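Report on one structure; see the data block that follows.
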Amino acid sequence: MFSLVLRRAQVQRRLLAAVVVLVATACTLVGTCTLLLDVTQARAFREAVQRSDPDDLSVTAFLVDLTSRDAPAARDEAAQVVGDVLGPMRPVQETTLTSRLRDLEADGARTDSQAYLVATDALATRADLTAGRWPAATGGRAEVVVPDTTARLLGIGVGDEVALGGERGLGGVDAPVPLVVVGTFRPRAVLEWERDPLGGAGFSPAYSDGLEAASTYGPFVVDEQAFLDTGSSVNALRVTAHPALDVAGDSSLQQAAGLLDDAPGLLAARVGDRARLTRLASDLPRSLAHLHAQRASTASTVLVVLILGTALSLAAARLTGRLVGSVREDERDLLVAMGLGRPQQLGTAGAEAALLALVAGAIAVPVASLLHSRLTHRGDLSAAGLQQGPVVTWTLVGAVLATALLLTATLVTATLRARPVADPSPRAAAAGRGLDVLLLVAAALAWWQLRGQPSTASRTGDVVLTAAPVLCLAVLTVLGVRLVPALLGRAAALAGRARGLVLPLATQQATRRAQASTAMVLVAAAVAAAVFALALRTTWDTSQDDQAALRVGTDLALTLRAPAEIGDARRVGTALAAQRPAPAASPVIHRPLALGHYVGRQGARPVLVAVDSRQAGALLRGRLAPGTTWAGIGRVLAPADPAVGVPLPDDGAGVALRGRGPAGASLTARVTAVVEDRTGFRASVPAGDVPLDGASHPLRWPAAVGPGLELVAVRLELGGSTGAGPGVATATTSTVTATLTVPAVGGTTGSPGSRPPWQVRPLQEQSPVGGATAELHAVDGATELRTSLEVDLDYFDYTGADVLATVLPVPAVVPVAVSQDLVDAVGAQRGDELEAIVGDTALRLSVAAVVPDVPSAPGEVAVLADADTLSRALIGAGRLDPVVDGWWVAAPSTATVEAVRAAGLGTVTTRDGVAADLARGPLRVAVPTTLVVLLALAIALFLAAVVLVVGADRARASAAVVRLRALGASRRDAVRLQLAEHLLLLLPLTLVGSLVGAASTLLLGPHLVRSDVGAAPAPAPVVAWPWRAELAVVGGLVLGIVVVTWVLTALLVRRSGPSRLRDGEL
Amino acid sequence: MSGATEPMVVARGLTRTYGTAAAPLRALHDVSLDVAPGEMLAVVGRSGSGKTTLLNLLGGLDRPDAGTVRVDGAEVTALDDEGLSTLRRDTVSYVFQTFGLIPALTAAENVGVPLRLRRTPVAAREQRVALLLDLVGLGDHALQRPAELSGGQQQRVAIARALAGSPRVLLADEPTGQLDTETGLGVMALLRAVVESEGVTAVVATHDAVLMSLADRVLAISDGRVDG
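Line by line, the protein sequences give chains A and B. Going by the working numbering, the first residue of the first sequence is number 16, and it counts up by one from there. Going by the working numbering, the first residue of the second sequence is number 41, and it counts up by one from there.
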């Protein structure tokens, strides 16, 4: 029989060549997807690792409280532990030693200020030298470099000698440390200095490490040996190991994550009692889990595509088998009549299937390898850095051969089946209807499961995610195709009344196509898959954009490491200045809060987001309910009036305070000014202590406050002695006055009467201050803010007095827009009031609007407020600390993005960047790519199906044409009849396929889109229709039907001669 | 049959060769014949003798390499494709050995095909179809599809279809070739009857002795040539 197979193959070589091409095409898809899942995902994982923030994969050992004598040995032990964890990844280590705080001496005398020493081997990579050179070990007076800010504020430069006094706190080393400045530097980025006590700022007016807060300067960076030679206590010793990302792979990272479990104990054991505390920290396990979740999520979607493609290919194989079977029908009948048994038929079929599979596989393996390589060098995959040369793996070979065997076995088995019965028996029809119902139930259950997936990432959901879409699409296609014969039958009945021949005969023929069931399913499924793939890709892309918009909240988000100071606002302003027209920008408050008794779930505290709501329309991103806009939301949050403060001279020069207390009293006022820049950014600036002795004292600003500021509030913390002493009754209250004189800016004071009034508020719950007034007066070349307080002297000596004079109207409640999650969590509704704690300040919030999600807080319990209103409420409550956590910018130009980045203020995140990472990141890009591959395969199989349907059994079709022509039909009639017959069959199927594809997208699309970690995306995906692309694809398919049918029909009719007359029946 | 009337079918020097120049297969060689109106001519010969080729040339389904054919005064070999279609629609009709019915259509619909090609009004078409089905004895089988009919019944439907367009010439190629003797006899009797009743000229290719006996004249062909 094997020789028969070979001989038949020789005779039917063209037919078998077509079969091999079909199987090889399907196998190529499977092979390509296999490589995408296997090789590309591995490459993508490495690429994602290389793009990771090195800190996310680093391991850090912290040692607290060591002597300088023990530090070297402890450092070596810590280095050994963190080095072992990352061993195979050639880790690079950094060591930083930070001393305890020391007194800062000036002219050999102790001052109130403090400073600290640092020794680090990473200084040259984290700072730029601005003067002098880096320090070296000299053996004499230790060489030191200091930040520019420190040098400027202390008035020191290269060559100057400074001295740090004894260590503060109990048990500190008293010996002073003489230093000589050999250089100054500028920190490169704030984030790289986040573990520095001052965050790289160089100065803090009130830093505390647990002891008394004081002005602090530093770091004073010395060589490590010099540090140890000073004998300083080591407050913190930090050893960080960074893996070499180019050699970090999945297995080595998993091994490291496993070693981390035991590493803390090992560190504590090896360091022993040299350090008071040891800790080992790493984000590596979390980062690795994140990468794995991304990979699993992508693989799940790619598998859906792969299975869909394989299902389509199986349908194509079955159809091809039916058609090949019809060609071989006579031969088979003859052989059966000659005694060929079923086992022999199967054996022959198996041998033929194996041969065909081998040939198709031999073609598909290299083609898949080349196609995969080409794919990775184009478009999104190339942009994701996943370029790869042709590669052949055992997985590829195995997948291709298995698919080829499956397809050819399906195909050859189909050739053995009897020709399908055109009119099934009533029993078979009933069984078919029952099967339809079962399929429908199964699809409904699968959809229900898919719909009920957990919102969080879940491994068990993957099976559902993979199987359900394929089942639903297949069932919808099968059931949708059932409608076509009914429609055609109805059309045939109507057409039967026509006078002509073409339409009635074509409808009748189309209704009764013998091989219709498989062909119809394949054609409709291919169209459905094409429509589905295209719409799912757009839906997926749109969802990534939506997720990015909501995650970032705006177009550009700058997140500061620490709340903003005035200088930060100025640098942001400079970075934005070049763009014309100026982009909408706003300082942002983004921090956790507590809502009454509700403090949120573990790891998911309620979030407060506050921006300039007057710019909400331009600034905020994220989907809202239809008919709602962010501008509209912003309008209900915005404060009624803008604040108008007193303009300050540049750098606050000449601002003075003159005050007077009761006779005999010795009072001082600690002054804190709240200033506001042109963008509405507010900051508090300590201005020193001023004696209220009747004389005018200039305020002492800690640093230059810069130009263009307005004074909007002044806090006066009154202290000192009334002269009577605590508990000594005095008969009356006394008046304390304080007048702040602000020199006119530009020589004019304006008219104080035209400005909003100032008010004074006691900030203590039980304040000794009774009546209080504040008034603005224009005097010669200056504006005076005159404050008068009626102070109960009985209590003053116990409590002091703390008052705030401000021009800001303080809101009783802060209107907020709340997220739907908040509504669900606490049951709040529009108009309700909520008690909220921000930091340690209690505020009353009123719910003015409900939004699906608050920008930058997707899927979280969150409130959105106006930054100005919130700031007023906090200032009114005495909370003058900086609260601005960043800036948001709308529609920034590329240059602006770069400028903000270059400012080095913190993390810069752009909506486009996040969207690109989500949609086209190394571990994500396989999803859109495979959907394109599915689209291409669907189109290819559709056209193949059309060719098979139209070109099937050409001998019979040719005989039919000749007989019709013998009856008097013209050549044109014959062509029209054939064309009409095929179009009447194929066009409704294309329509059904399109509808099935659209319905599948509506039903399945939103459930197939998951976030980058496999969880339900926020916001929930909505179907996005690429109408033009869909119309182009469906239109192209219809055009393909017309062209293929017309060409094949014209050829058929032209070649149909009388010699065909004895070829079977019509 | 002879007389003063013009023959309905006139063929002169018909030659038809198939195959390639290197390996030619001469199906007909210099065949001439006349068929008078209303005459039933039986063309007999062994399989491969050229009977079917002759019928195809007479009906314009094929073109001769040499020679001419006239049917009802029209020069068939000079007609273009459209003219041939008109000839087959209005003058010549065929009955095939394999019946050539359209499986998707009922018996009545099959009979109506030539009338649809002529765009005959629906009422006239239905009336004519019913008449012809009664004529071939299948009035009760009008709504049955070919698969539901016996071989003899299918050939009767094919004959009714051939007569639907009121042709002047009926060309039948082995009309009983796939029928048993008894059924074939019935079909031939029917053919003879309709030739007489409808006044049709018939050329019937056959090797059936019974059919030969029903013909007015017998033309024997062997190896593409007319015997004698």
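All C-beta atoms, glycine included, are put in the ideal place defined by N, C-alpha and C. The structure presented is a predicted model; accordingly, all values stated were derived computationally and were not measured.
Ordered along the chain, which non-local residues of its own chain (more than five positions away) have a Cβ less than 7 Å from that of residue i?
i: Arg310 of chain A; result: Gln56, Phe60 and Leu938
i: Ile852 of chain A; result: Leu608 and Ala609
i: Arg14 of chain A; result: Residue 14 of chain A is absent from the model: chain A starts at 16 and stops at 1081.
i: Ala658 of chain A; result: Glu691, Val727, Val822 and Leu823
i: Leu386 of chain A; result: Thr43 and Thr47
For residue i, is the classification buried or exposed, using 16 other Cβ atoms within 10 angstroms of its Cβ as the cut-off for buried?
i: Gln993 of chain A; result: buried
i: Asp276 of chain A; result: exposed
i: Asp220 of chain B; result: exposed
i: Val670 of chain A; result: buried
i: Met535 of chain A; result: buried
i: Pro161 of chain B; result: exposed
i: Ser73 of chain A; result: buried
i: Val961 of chain A; result: buried
i: Glu149 of chain B; result: buried
i: Arg474 of chain A; result: Confidence at Arg474 of chain A is low in this model, with a pLDDT of 49, below 50, so its placement is unreliable and no value can be given for it.
i: Pro558 of chain A; result: Residue 558 of chain A is actually Ser in this sequence, not Pro. Flag for Ser558 of chain A reads buried.
i: Asp102 of chain B; result: buried
i: Trp208 of chain A; result: buried
i: Gln530 of chain A; result: Confidence at Gln530 of chain A is low in this model, with a pLDDT of 48, below 50, so the placement of that residue is unreliable and no value is reported for it.
My output table needs one value for residue i: the three-state DSSP class, helix, strand or coil.
i: Val258 of chain B; result: strand
i: Pro1003 of chain A; result: helix
i: Arg28 of chain A; result: helix
i: His712 of chain A; result: strand
i: Val929 of chain A; result: helix
i: Thr45 of chain B; result: coil
i: Met353 of chain A; result: coil
i: His69 of chain B; result: strand
i: Glu176 of chain A; result: strand
i: Ile581 of chain A; result: helix
i: Thr569 of chain A; result: coil
i: Arg980 of chain A; result: helix
i: Leu498 of chain A; result: helix
i: Arg90 of chain A; result: helix
i: Val517 of chain A; result: helix
Rank the options by C-alpha distance to the C-alpha of residue i and give the top, closest one.
i: Leu323 of chain A; options: A:Val100, A:Ala489 and A:Thr687; result: A:Ala489
i: Trp463 of chain A; options: A:Gly966, A:Leu486 and A:Arg448; result: A:Leu486
i: Tyr131 of chain A; options: A:Thr145, A:Leu1046, A:Leu144 and A:Thr113; result: A:Thr113
i: Gly225 of chain A; options: A:Pro771, A:Ala272, A:Arg183 and A:Ala256; result: A:Arg183
i: Arg693 of chain A; options: A:Arg585, A:Ala631 and A:Pro300; result: A:Arg585
i: Asp812 of chain A; options: A:Trp208, A:Gly874 and A:Gly735; result: A:Gly735
i: His305 of chain A; options: A:Ala972, A:Asp189, A:Val64 and A:Val626; result: A:Val64
i: Ala233 of chain B; options: B:Ala249, B:Ile142, B:Ser87 and B:Leu254; result: B:Leu254
i: Ala398 of chain A; options: A:Ala934, A:Ala974, A:Arg1070 and A:Arg333; result: A:Ala934
Kindly list the residues whose CB is nearer than 6 Å to the CB of residue i, restricted to its own chain and excluding five residues on each side of it in sequence; keep chain order.
i: Val862 of chain A; result: Val833, Ala843, Arg845 and Asp847
i: Ala124 of chain A; result: none
i: Leu274 of chain A; result: Val100
i: Leu321 of chain A; result: Cys48
Just to confirm my understanding: we take residue i, look at its own chain, exclude 5 residues before and 5 after, and list those with CB closer than 8 Å. What are they?
i: Leu401 of chain A; result: Thr55, Arg58, Ala59, Glu62, Thr391, Pro937 and Val940
i: Val266 of chain B; result: Val71, Ser72, Leu73, Leu259 and Ala260
i: Glu346 of chain A; result: Arg23
For this session: Pick out the complete alpha helix (DSSP H) segments inside the segment 213-261 of chain B, 4 residues or longer, and give them in chain order.
Result: 221-238 and 249-254
For this session: Please go through the segment 101-134 of chain B and give each complete beta strand (DSSP E) segment of 3 or more residues, from N-terminal end onward.
Result: 106-111
For this session: Go through the segment 835-910 of chain A residue by residue and report every complete run of the beta strand (DSSP E) that reaches 3 residues or more, in order.
Result: 848-853, 856-866, 877-881 and 901-904
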